[in-house]
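Sequential numbering of the sequence shown, starting at 15, is according to this note's numbering.
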Amino acid sequence: MSDRTNEKEIVSDDGSPRNASPNDLDPEKLNDPKMRKLAGEITYADETDPVNTQHNPLAQKLRSRHMQMIAIGGSIGAGLFVGSGSALRTGGPGSVLLGFIITGFMLLCTMQALGELTVLYPVNGAFYTYIVRFVDPSLGFAVTWDYAIGWLTVLPFELTAASITIEYWRDDIHVSVWITVFLVFLCLVQIFGVLGYGEVEFVLSMMKILACVGFIIFGIVVDCGGVSSDDRGYIGARYWHDPGAFRNGFKGFCTVFVTAAFAFGGTELVSLAAAEAADPHRSLPKATRQVFWRIATFYVLSLFIVGLIVPSDSPDLLGASGANTKASPFVLAIKYAGVKGLPSVMNAVITISVISVANSCTYGSSRTMQALAARGMGPRFLMYVDKQGRPLWCIVIQLLFGCLAYIGEANASDTIFTWLLSLSALSFLFLWGSINLAHIREYAHGFTKHQLPYQAAFGIWGSYIGVALNLLAIIATFYTSLFPVGSSPDAETFFEQYLAAPIVIALYLGWKAYTRDWKLFIRSSEMDVTMGIRRGSLEIAAEKGRSSWTKALRIFI
Numbered sequence: 015m016s017d018r019t020n021e022k023e024i025v026s027d028d029g030s031p032r033n034a035s036p037n038d039l040d041p042e043k044l045n046d047p048k049m050r051k052l053a054g055e056i057t058y059a060d061e062t063d064p065v066n067t068q069h070n071p072l073a074q075k076l077r078s079r080h081m082q083m084i085a086i087g088g089s090i091g092a093g094l095f096v097g098s099g100s101a102l103r104t105g106g107p108g109s110v111l112l113g114f115i116i117t118g119f120m121l122l123c124t125m126q127a128l129g130e131l132t133v134l135y136p137v138n139g140a141f142y143t144y145i146v147r148f149v150d151p152s153l154g155f156a157v158t159w160d161y162a163i164g165w166l167t168v169l170p171f172e173l174t175a176a177s178i179t180i181e182y183w184r185d186d187i188h189v190s191v192w193i194t195v196f197l198v199f200l201c202l203v204q205i206f207g208v209l210g211y212g213e214v215e216f217v218l219s220m221m222k223i224l225a226c227v228g229f230i231i232f233g234i235v236v237d238c239g240g241v242s243s244d245d246r247g248y249i250g251a252r253y254w255h256d257p258g259a260f261r262n263g264f265k266g267f268c269t270v271f272v273t274a275a276f277a278f279g280g281t282e283l284v285s286l287a288a289a290e291a292a293d294p295h296r297s298l299p300k301a302t303r304q305v306f307w308r309i310a311t312f313y314v315l316s317l318f319i320v321g322l323i324v325p326s327d328s329p330d331l332l333g334a335s336g337a338n339t340k341a342s343p344f345v346l347a348i349k350y351a352g353v354k355g356l357p358s359v360m361n362a363v364i365t366i367s368v369i370s371v372a373n374s375c376t377y378g379s380s381r382t383m384q385a386l387a388a389r390g391m392g393p394r395f396l397m398y399v400d401k402q403g404r405p406l407w408c409i410v411i412q413l414l415f416g417c418l419a420y421i422g423e424a425n426a427s428d429t430i431f432t433w434l435l436s437l438s439a440l441s442f443l444f445l446w447g448s449i450n451l452a453h454i455r456e457y458a459h460g461f462t463k464h465q466l467p468y469q470a471a472f473g474i475w476g477s478y479i480g481v482a483l484n485l486l487a488i489i490a491t492f493y494t495s496l497f498p499v500g501s502s503p504d505a506e507t508f509f510e511q512y513l514a515a516p517i518v519i520a521l522y523l524g525w526k527a528y529t530r531d532w533k534l535f536i537r538s539s540e541m542d543v544t545m546g547i548r549r550g551s552l553e554i555a556a557e558k559g560r561s562s563w564t565k566a567l568r569i570f571i
């Protein structure tokens, strides 16, 4: 370890860097037991993180452009393009728009909190590490394993969905052939390690972004009656009046949250990628700020357009799910406009999007399982990382789970897939709530603004809002699972939607019993706030010279 790792770099009043001294901290803070660790040695993440020093470290090959695309378009997939159809039919366009705005703001608060934590601690495992350090090891164990299991079970579903999209052009080739093709493609991507993941996501995300922008422009033209082949003429807000903006009342609105969470799921992967980024303290803040544009443009605006030009009572929306791309409201919007050829283009976009999410599944689960194992919360063989920085055994397990896609040929395939997806339905909400809680608990140790390389735009209050909104979304999903729209309460229906909750509770209590640690939270005096910290506060020092409105713009650009 070099001598520089024992220095704290700050900026003088004249803008020149200098080494910190004890006088740079508030004397009262130095006497505070909570702050004594902060006044001591602060080192680089890649030099002290135990995950990165056991066996071989993960390769740090992701560039800024990779991080930008992972943040902007990495998780745009079947949840948006197809799953939104079921939410539109059940809740109506008003419920979809309002539900996605609320969930989007919740995610924006979460990503700002996660950005602050990750720039300060760009370590392997990211959010898992923060929950374990600042909240409770049992909670970190439970929500992170639930998150990893969620990605494991989503992969076969995405492979099946991608294969079904091919039937749009070639229904004479068996689905299992395409499943094999996509599995082989994922295996080839893994050969190139994290760089392969980054390059594939960069290209596919660029295509998805262009498709979303093109659809928004097309939708505006259709709504204004500018397509000659569409006999509906000017549409305007017609479908908001008939069949109506809100279907099935409050219950219909509550059904949107789980769909929105699934559609937004994967945004947090940019935090996992920080441990394999070449320059995380510069690329991650930029990537975090891009989340706002993805939420505002590619989700909220595109779904608003869909709600204008696709009636929510359309029988074609029946069965809209991740594996039934024919019911995609985006495809239906083009089909109803009567434009030949474009439905095929949109179907190709959905195919690309689903493959992209399958690629993210492999990355998300493998890095999460490796981090869990490296800290003693998983089988030891999973911590192995080869010389190219690939967690091989974790990748093998994920790809083996992908083989479950072949059960699509079984008689009870729909039931099997429904139960598999129930394992991941709430995993994102549990994780996002825990991330916000970790951010709140971080401040319990006494961090000050000048010690943070990047500050969350909404501060600690944004995390309080994030926790509250996550709890409301979980309660709303519980309500609609117990009392589903259009049917009476049923145990099977309930667990199909809410199975992740008892699994998280079982994992949480199981780890509590195993460790015999029954404390609800880690005491602030016991928090490890120095291991893997990223030193330097150049960005915050530069912000001090900017005007208030410029600082406000930095939330988004």
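Yeah, the Cβ is synthetic: ideal placement off N, Cα and C, and Gly gets one too.
These numbers were taken from a predicted model, which means no experiment stands behind them.
Check	Outcome
Nearest to E290 (by Cα), restricted to the options V236, G378, A362 and I249	G378
Closest by C-alpha distance to C408, when choosing among C417, Y420, T124 and P393	P393
L437, DSSP secondary structure in three states	coil
Those residues which DSSP pairs with A291 across a bridge	L76
Cβ-based neighbour list, A127, same chain, cut-off 7 angstroms, excluding 5 preceding and 5 following	I449, N450, H453, A470, G476, S477 and G480
Other residues of its chain near V214: CB distance less than 6 angstroms, five sequence neighbours each side excluded	V203 and N373
Span separating the alpha-carbon of L413 from that of S438	17 angstroms
Buried or exposed by the 16-neighbour rule on C-beta atoms within 10 Å, applied to G54	For G54, the predicted model reports a pLDDT of 31, less than 50, meaning its position is unreliable; a value from the coordinates is still stated below. Exposed.
Cβ pair G113, A274 closer than 8 angstroms	yes
Per-residue DSSP class, three states only, for E282	coil
M120 versus N484: straight-line alpha-carbon distance, rounded	7 angstroms
Buried or exposed (CB count within 10 angstroms, at least 16 for buried), P257	exposed
Local Cβ density within 10 Å of R79, reported as buried at 16 or more and exposed below that	exposed
Stretch-stretch touch, CB-based, cutoff 8 angstroms, three pairs: the region 246-254 with the region 90-102	no
Nonlocal neighbours in the same chain, by C-beta distance under 8 angstroms from I517, ignoring five residues either side	D160, I163 and L437
Range covered by the alpha helix (DSSP H) that runs through T529	A514 to T529
Every unbroken alpha helix (DSSP H) inside the region 142-193 [4 residues or more]	151-180
For Y211 and L218, the rounded distance between their alpha carbons	11 angstroms
Segment limits, alpha helix (DSSP H) that includes M545	Segment: none, M545 is in no alpha helix (DSSP H) and carries neither H nor E.
Neighbourhood of V363 by C-beta, 6 angstroms cutoff - its chain only, sequence neighbours within 5 removed	A225
Contact the region 141-152 vs the region 295-305: 3+ CB pairs below 8 angstroms	no
Close Cβ partners of L76 (< 7 angstroms) along its chain, the five nearest in sequence each way excluded	V208, G212, A287, E290, A291 and A292
M358 to E181 span [Cα, whole Å]	Note on residue identity: the sequence assigns Ser, not Met, to residue 358. Going by the C-alpha atoms only, they are around 11 angstroms apart.
Segment limits, alpha helix (DSSP H) that includes T311	That residue, T311, is in no alpha helix (DSSP H); it is neither H nor E in DSSP.
Buried versus exposed, by CB contacts within 10 Å (16 or more), E282	buried
Enclosing alpha helix (DSSP H) for S89 [first to last residue]	Here S89 belongs to no alpha helix (DSSP H), and DSSP marks it neither H nor E.
Exposure label - G240; buried when at least 16 CB within 10 Å	exposed
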